[in-house]
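Structure first, then comments.
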Amino acid sequence: MAPVISPVQTSTALPKSTTVVVIGGGIVGLMTALTLSERGVPVVVLEKGRLAGEQSSRNLGWVRKTSRSAPDLPLALESDRLWGAMNARTGMDVGYRQAGIMFLARTEAELDVHRRWMKTAEALALDTRILSPAEVDRLVPGGTGGWAGGIHTASDGRAEPTLASSAIAAAAMAKGAVIVENCAVRDLSRSGGRVSGVVTERGEIACEEVVLAGGLWSRRFLGNLGVFLPTLPLVCYAIRTAPMDGPTDIAVGAPNFSFRKRKDGGFTICQRGAVGSPLVLDHALLGMRYLPMFREGRSQLRISFGKEFFEDLMLARRWRPSAATPFEKVRTMDPRVDHGINAEAMANIRSAWPVFAKASIEEVWGGTMDITPDSLPVIDRVGTIPGLTLATGFSGHGFGTAPAAGQLAADLVTGGTPIVDPAPYRLDRLQ
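Under the numbering used here, the first residue of the sequence shown is numbered 1173, with each subsequent residue one higher.
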């Protein structure tokens, strides 16, 4: 199953030319297009399947600063500001609520991790604070307790993944952007060594600049161009409940579950202590680069070997512009749900907050994340291919930072002053 996305009427005609082509109709690509169209720059978004059909609609919807790595905090802060204005900017309700996020700790050692993170963010003067067990119980009543404490940022929030991308797309089109779904990009055209267009399954579009915001597909697209981008797939599984009375409006993350209130009155729940890791060829090709991450998070990885390996192996890694690509063979990555992990999530949350024993599960899904070795995205110009900019590799964090990430990509394309220092997101750090 997959979340039902608010529908958007996109274009059926393929333009012959534009100034900027954005490859990928996820939330980062759409935010790039919205920013460019607001600046009067002609832009076309090309999506191989449906807008936001992959991780952009399947994530948990958290908009957070808490526990982000120090280099990523400026982008998160700018995104906070932009999320706060998103309803007015798009003319639609994207479900953004600044209701706060809390992370819980069972032990003092876990709580110390949060204290150390606060030290790294001291200069930003956030409204984050460490909570005592009594404060946890007061802010999220009805629990069985046993927490050593927690960390809470009242200015963190949430938005609705099934609404936000659609609203952003509609706003971009209202300002002149063209969006075409079910149209895969096969290759780049180049003249004099720089980008001059894109070759799609339906013909060529001339352009001056390209932004690749292809999520988990970016590595394969770049590989065909001779550009190395290390990303590995991990799968997050989620549950949607029917509307119910819950313990709080605050989004809560514990070591082995998380929950957050939805606009429809239900909750989105996941097993925060487990992600799926179906093995594919890239695990063998890139595994050494990820050893520190694997050592630190080994207990969270549910490694499996099955159909995913052979399905991935069947997808080409090199192709000609005249040939069908992997992006046409797999329009939407729809990973198999690990029902065991979801059952763990429900058992853990019901043990901690018994009110969830009344929860009625209406939908479950999986979403594939593209993980870089340092869990930071790449938002950068590609030196070897003038005219190509990347906005990809968001490692499961992209929904929350998408507004500023899209603006940063647009800044790089247009030569404007960057919304944040782009240095942490350079491609060459991963080469």
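Note that the Cβ used here is the ideal one computed from N, Cα and C, for glycine as well.
Among the options, nearest to residue i - alpha-carbon criterion
| i | options | result |
| --- | --- | --- |
| R1470 | R1492, V1447, A1456 | V1447 |
| A1320 | F1275, R1358, S1361 | F1275 |
| V1371 | K1530, E1332, R1211, P1493 | P1493 |
| A1574 | L1453, L1202, D1454 | L1202 |
| F1477 | V1266, L1451, S1390 | L1451 |
| T1544 | C1379, G1570, K1530 | G1570 |
| G1555 | F1431, L1599, R1467 | L1599 |
| W1525 | I1441, W1234, I1351, V1235 | I1441 |
| G1197 | W1491, G1539, Q1227, V1266 | Q1227 |
| E1516 | L1394, F1429, L1562, G1317 | F1429 |
| R1330 | A1271, D1542, L1560 | A1271 |
| G1538 | M1505, L1560, G1565 | M1505 |
| G1375 | L1384, A1529, T1420, A1356 | A1356 |
| V1217 | T1316, L1384, E1307 | L1384 |
| G1398 | G1387, R1310, I1377, L1360 | L1360 |
| K1220 | Q1472, T1184, R1310 | T1184 |
Beta-carbon proximity list for residue i, same chain, < 8 Å, skipping 5 on both sides
| i | result |
| --- | --- |
| G1438 | R1412, T1413, A1414, P1415, M1416, E1534 |
| I1177 | R1222, L1223, A1224, G1225, S1229, T1334, S1337, S1338 |
| V1536 | M1173, Y1409, A1410, I1411, R1412, V1509, H1511, N1514 |
Per DSSP, cross-strand counterpart(s) of residue i
| i | result |
| --- | --- |
| Y1409 | G1538 |
| F1275 | I1323, G1425 |
| K1433 | F1439 |
| T1561 | V1383, R1553 |
| L1404 | I1543 |
| G1369 | S1361, A1378 |
Residue i, enclosing beta strand (DSSP E) - first and last residue
| i | result |
| --- | --- |
| R1467 | Per DSSP, R1467 belongs to no beta strand (DSSP E); it is in the alpha helix (DSSP H), 1463–1469. |
| A1426 | 1423–1426 |
| L1521 | The question names Leu, yet the displayed sequence has Ile at residue 1521. Unbroken run through I1521 is the alpha helix (DSSP H), 1511–1524; no beta strand (DSSP E). |
| G1375 | 1375–1378 |
| T1504 | Here T1504 belongs to no beta strand (DSSP E), and DSSP marks it neither H nor E. |
| L1453 | Looking at the DSSP string, L1453 is not in any beta strand (DSSP E); the run it does join, the alpha helix (DSSP H), is 1453–1458. |
With 16 other Cβ atoms within 10 Å as the buried cut-off, status of residue i
| i | result |
| --- | --- |
| T1279 | exposed |
| G1587 | exposed |
| M1345 | buried |
| E1353 | buried |
| M1460 | exposed |
| I1475 | exposed |
| E1381 | buried |
| V1285 | exposed |
| Q1605 | Only positions 1173 to 1603 of the chain appear in this structure, which leaves residue 1605 out of reach. |
| M1486 | exposed |
| K1433 | buried |
Limits of the alpha helix (DSSP H) - the one that residue i falls within
| i | result |
| --- | --- |
| P1575 | 1570–1586 |
| L1223 | It is not in any alpha helix (DSSP H) - L1223 carries neither H nor E in the DSSP assignment. |
| L1254 | 1245–1256 |
| S1390 | 1390–1396 |
| S1338 | 1333–1346 |
| G1201 | 1199–1210 |
Beta-carbon proximity list for residue i, same chain, < 7 Å, skipping 5 on both sides
| i | result |
| --- | --- |
| Y1597 | L1548, P1549, V1550, I1551, D1552 |
| T1292 | A1242 |
| R1392 | R1489, P1498 |
| L1298 | K1237, T1325 |
Cutoff 6 Å; reference residue i; Cβ partners in own chain excluding five residues on either side
| i | result |
| --- | --- |
| G1348 | S1209 |
| G1425 | F1275, R1444 |
| L1283 | A1277, A1320, G1321 |
| T1191 | V1213, P1214, E1380 |
| T1540 | L1388, P1405, V1407, M1505, P1507 |
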